[in-house]
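Structure first, commentary second.
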Amino acid sequence: MIRMQQVKLPVEAGEAAIKNKVCHLLKARESDVRRIEIRRRSLDARKKPEFYYVYTLDVELKQEKKFAKKVNHKNIMYTRAEGYEFPEMGREPLPGRPVIIGSGPAGLCCAWMLAKYGYRPILLERGDEAAVRRRRVDEFWSTGNLDPQSNVQFGEGGAGTFSDGKLNTSVKDPKGRVRQVLSLFVHAGAPQEILYDQKPHLGTDVLVDLVQNLRRQIEEMGGEVHFRSQMTDLRQRDGRMQEIQVNGGEWMPAPVLVLAIGHSARDTVELLYSRGLSMESKAFAVGVRVEHPQEMINLDQYGRRDPGILGAAPYKVTHQLANGRGVYSFCMCPGGWVVNASSEPGHLAVNGMSYQARDGRNANSALIVTVNPRDYTEFCGSDARIPEPLRGIAFQRNLERAAYNLAQGAVPMQLFGDFCGNKPSRALGEVLPCIKGSAALTNLREILPDFLSSSLEEGIKAFGRKLPGFDRPDCVLSAVESRTSSPVRIPRDEELVSSIKNLYPCGEGAGYAGGITSAAVDGLRVAEAIRKKYMNFGK
Numbered sequence: 001m002i003r004m005q006q007v008k009l010p011v012e013a014g015e016a017a018i019k020n021k022v023c024h025l026l027k028a029r030e031s032d033v034r035r036i037e038i039r040r041r042s043l044d045a046r047k048k049p050e051f052y053y054v055y056t057l058d059v060e061l062k063q064e065k066k067f068a069k070k071v072n073h074k075n076i077m078y079t080r081a082e083g084y085e086f087p088e089m090g091r092e093p094l095p096g097r098p099v100i101i102g103s104g105p106a107g108l109c110c111a112w113m114l115a116k117y118g119y120r121p122i123l124l125e126r127g128d129e130a131a132v133r134r135r136r137v138d139e140f141w142s143t144g145n146l147d148p149q150s151n152v153q154f155g156e157g158g159a160g161t162f163s164d165g166k167l168n169t170s171v172k173d174p175k176g177r178v179r180q181v182l183s184l185f186v187h188a189g190a191p192q193e194i195l196y197d198q199k200p201h202l203g204t205d206v207l208v209d210l211v212q213n214l215r216r217q218i219e220e221m222g223g224e225v226h227f228r229s230q231m232t233d234l235r236q237r238d239g240r241m242q243e244i245q246v247n248g249g250e251w252m253p254a255p256v257l258v259l260a261i262g263h264s265a266r267d268t269v270e271l272l273y274s275r276g277l278s279m280e281s282k283a284f285a286v287g288v289r290v291e292h293p294q295e296m297i298n299l300d301q302y303g304r305r306d307p308g309i310l311g312a313a314p315y316k317v318t319h320q321l322a323n324g325r326g327v328y329s330f331c332m333c334p335g336g337w338v339v340n341a342s343s344e345p346g347h348l349a350v351n352g353m354s355y356q357a358r359d360g361r362n363a364n365s366a367l368i369v370t371v372n373p374r375d376y377t378e379f380c381g382s383d384a385r386i387p388e389p390l391r392g393i394a395f396q397r398n399l400e401r402a403a404y405n406l407a408q409g410a411v412p413m414q415l416f417g418d419f420c421g422n423k424p425s426r427a428l429g430e431v432l433p434c435i436k437g438s439a440a441l442t443n444l445r446e447i448l449p450d451f452l453s454s455s456l457e458e459g460i461k462a463f464g465r466k467l468p469g470f471d472r473p474d475c476v477l478s479a480v481e482s483r484t485s486s487p488v489r490i491p492r493d494e495e496l497v498s499s500i501k502n503l504y505p506c507g508e509g510a511g512y513a514g515g516i517t518s519a520a521v522d523g524l525r526v527a528e529a530i531r532k533k534y535m536n537f538g539k
């Protein structure tokens, strides 16, 4: 097989144009080509108003030796078809069915692989199945009635279900895990393009269907999935997992336990700490959501307001602050919505979400500032009752409680110009917010630490020098963006086991991922670790 890199074509070009380009570069006839597979596609927008896709292609020819002279080029080379390989089965008898806590990307992908290879996993999810969860979330946005067990954070698919559904990741992938995850998603109904687009995304509407299909496949392969089933306690013996309690009632065997709890299961983290599981605090980032007209972002990025075939334009901005911290965009949602993403009564957090079409009038993104364990202590005080590993959670809760109280449970908003002047906003400008849930104009500086407010102001002004209009006085800020990643990490050894034997921390909630794809990849890694150690149940 021949791999061809840096193959550039206009964005309008279709399959026929790609094949013609391949034949031209290889000096081949169309009849010489058996198959062309797109491995990667990225947008080149450097020569506006002309736009190109740059492809990496795998080409299978009928007689490859005929074209050997063409392969001695830096962008044309021989390659082998390499796929993901699940490891060989271990020899230790499995002490019982593996139990997986959490049905986000990490839990679902771990369960899928274990089910496929005969381990009959049991997956427990504290929230509802996706269809019921979606109704509860819509009800929360329209009425304010929060279900602490089933919301934007908890339920089938995890927190990523109500997001933009971005699938790009910076994870290094020598073993092909990322492509395996994307292939699982395609098998469950995702579009084929996610396998090769440089910045693939699904949208919340596609994700809701996809996670249900993954669950059905797990069940068809011998796994079980139970909703409204929260782990509320655990027992160990001689430092080894034994069983867990569900919903404060019955106990069930859990001699092999995978913790894929997500970054918002604070009550579960507190339980685990009280039961002696080793954990540590880690740095993360907090900030606000910012909204701009999508047409303005299109103009900045593409040189035109109507993106046409390109779709709504994204952006990514970073800035090193004078105080030594970093401020950057995160989870940018072209044509998307700001959503009330709360999961605890009396607390308020925001997030961003897009549908697959990305056709909303506004672009939004989190603008976040790095925080570290020293900040937790300074902001929360030196309360000795809060153990050091849990102070990041206390930091989040203090911010979210203040955000809730600032607007009596509505999402607190402020225009950037008023934010700079430290005065409450009284009226909107031309930027009309797109928010799921009620919202109210406020002064966000009343609830944000001074270092965070000054960092955001400096950062937004710096971004305005890169993207004209980014610092416009009527762009809308919403608070508080506090669930960017887990504030704790649960250490694990080379076999991915925690301080409690046979307990496998997994995914974003354990501190080993940041986003849908990296969490799913970590789910594969944990499934591999279980596979390497234990025999399955047979067929």
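Residue numbers 1 to 539, in full-length UniProt numbering, belong to the letters of the sequence shown in order. Built from N, CA and C at the ideal position, the CB exists for glycine as well.
Per-residue burial, residue i [other beta carbons within 10 Å of its own, 16 or more giving buried]
i, result
"serine 365", "buried"
"lysine 48", "exposed"
"alanine 220", "It should be pointed out that residue 220 corresponds to glutamate in this sequence rather than to alanine. It is exposed - the Cβ of glutamate 220 has fewer than 16 other Cβ atoms within 10 Å."
"lysine 166", "buried"
"residue 540", "The question about residue 540 has no answer here: the residues shown for the chain are numbered 1 through 539."
"phenylalanine 537", "exposed"
"methionine 413", "buried"
"proline 505", "buried"
"histidine 319", "buried"
"proline 98", "buried"
"glutamate 344", "buried"
Whole-angstrom distance between residue j and residue i, CA atom to CA atom
i, j, result
"leucine 456", "phenylalanine 284", "16 angstroms"
"aspartate 418", "serine 342", "25 angstroms"
"alanine 106", "glycine 523", "4 angstroms"
"alanine 16", "alanine 28", "14 angstroms"
"phenylalanine 451", "glutamine 230", "37 angstroms"
"leucine 123", "serine 425", "47 angstroms"
"glutamate 243", "glutamate 92", "19 angstroms"
"glutamate 193", "glycine 509", "29 angstroms"
"arginine 489", "isoleucine 100", "18 angstroms"
"valine 7", "leucine 57", "8 angstroms"
"aspartate 128", "serine 150", "6 angstroms"
"isoleucine 393", "histidine 263", "10 angstroms"
"cysteine 109", "phenylalanine 185", "10 angstroms"
"valine 372", "methionine 279", "The sequence shown places asparagine at residue 372, rather than the valine named in the question. Approximately 16 angstroms between the Cα atoms of the pair."
"tyrosine 53", "arginine 40", "10 angstroms"
"cysteine 420", "valine 338", "21 angstroms"
"leucine 321", "serine 454", "10 angstroms"
"proline 200", "asparagine 168", "6 angstroms"
"asparagine 72", "aspartate 32", "19 angstroms"
"proline 387", "alanine 115", "38 angstroms"
"isoleucine 218", "asparagine 405", "42 angstroms"
"arginine 126", "isoleucine 516", "19 angstroms"
Residue from the options whose Cα sits closest to the Cα of residue i
i, options, result
"aspartate 44", "Tyr302, Pro293, Ile18", "Tyr302"
"glutamate 295", "Arg289, Asp306, Val286", "Asp306"
"alanine 462", "Ala254, Ile261, Ser329", "Ser329"
"serine 183", "Leu214, Ser163, Gly160", "Leu214"
"residue 623", "Gly276, Glu458, Val431", "Residue numbering for the chain in the displayed model covers 1 to 539; residue 623 lies beyond these limits and cannot be assessed."
"glycine 102", "Gly538, Lys533, Lys532, Ala519", "Ala519"
"leucine 444", "Leu259, Ala479, Arg80", "Ala479"
"proline 389", "Gly189, Asp138, His226, Ser486", "Ser486"
"glutamate 60", "Met4, Val206, Phe140", "Met4"
"proline 433", "Leu477, Pro473, Gly409", "Leu477"
"glutamate 291", "Leu367, Lys423, Ser498", "Leu367"
"proline 191", "Gln180, Val206, Arg179", "Val206"
"valine 22", "Arg35, Val11, Glu12", "Arg35"
"proline 491", "Arg240, Leu277, Leu94", "Leu277"
"valine 152", "Thr143, Ser142, Asn145, Val137", "Val137"
Cutoff 7 angstroms; reference residue i; Cβ partners in own chain excluding five residues on either side
i, result
"glutamate 83", "Note on identity: in this sequence residue 83 is glycine, with glutamate being the wrong assignment. Closer than 7 angstroms at Cβ, skipping near neighbours: Gly176."
"tyrosine 196", "Ile38, Arg39, Arg40, Arg41"
"proline 174", "none"
"phenylalanine 379", "Phe395, Asn398, Pro449"
"lysine 316", "Ser329, Met332"
8 angstroms Cβ shell around residue i - same chain, five flanking residues per side excluded
i, result
"valine 208", "Ala130, Ala131, Arg134, Gly157, Thr161"
"proline 87", "Glu528, Arg531, Lys532"
"asparagine 247", "Arg228, Ser229, Gln230, Thr232"
"isoleucine 76", "Ile2, Arg3, Met4, Gln5, Leu25, Leu26, Lys70"
Nonlocal neighbours in the same chain, by C-beta distance under 6 angstroms from residue i, ignoring five residues either side
i, result
"glutamine 198", "Ser42"
"alanine 402", "Ile447"
"tyrosine 512", "Asp522"
"proline 253", "Gly96, Glu243"
Residue-chain proximity (residue i, chain C), Cβ-Cβ < 7 angstroms
i, result
"proline 314", "Although the question refers to chain C, the structure presented lacks it and comprises just one protein chain."
- Message: Under 8 angstroms: do the segment 434-453 and the segment 462-471 share three or more Cβ pairs, one atom per stretch?
- Response: Fewer than three pairs of CB atoms, one per stretch, sit closer than 8 angstroms, so the segment 434-453 makes no contact with the segment 462-471.
- Query: Would you call the segment 270-283 and the segment 19-38 in contact, with 3 or more CB pairs under 8 angstroms?
  - Reply: Counting Cβ pairs under 8 angstroms, fewer than three are found: no touch.
- Cβ contact (3+ pairs, closer than 8 angstroms) linking the segment 309-326 and the segment 257-277: Between the segment 309-326 and the segment 257-277, the count of Cβ pairs shorter than 8 angstroms is below three; the stretches do not touch.
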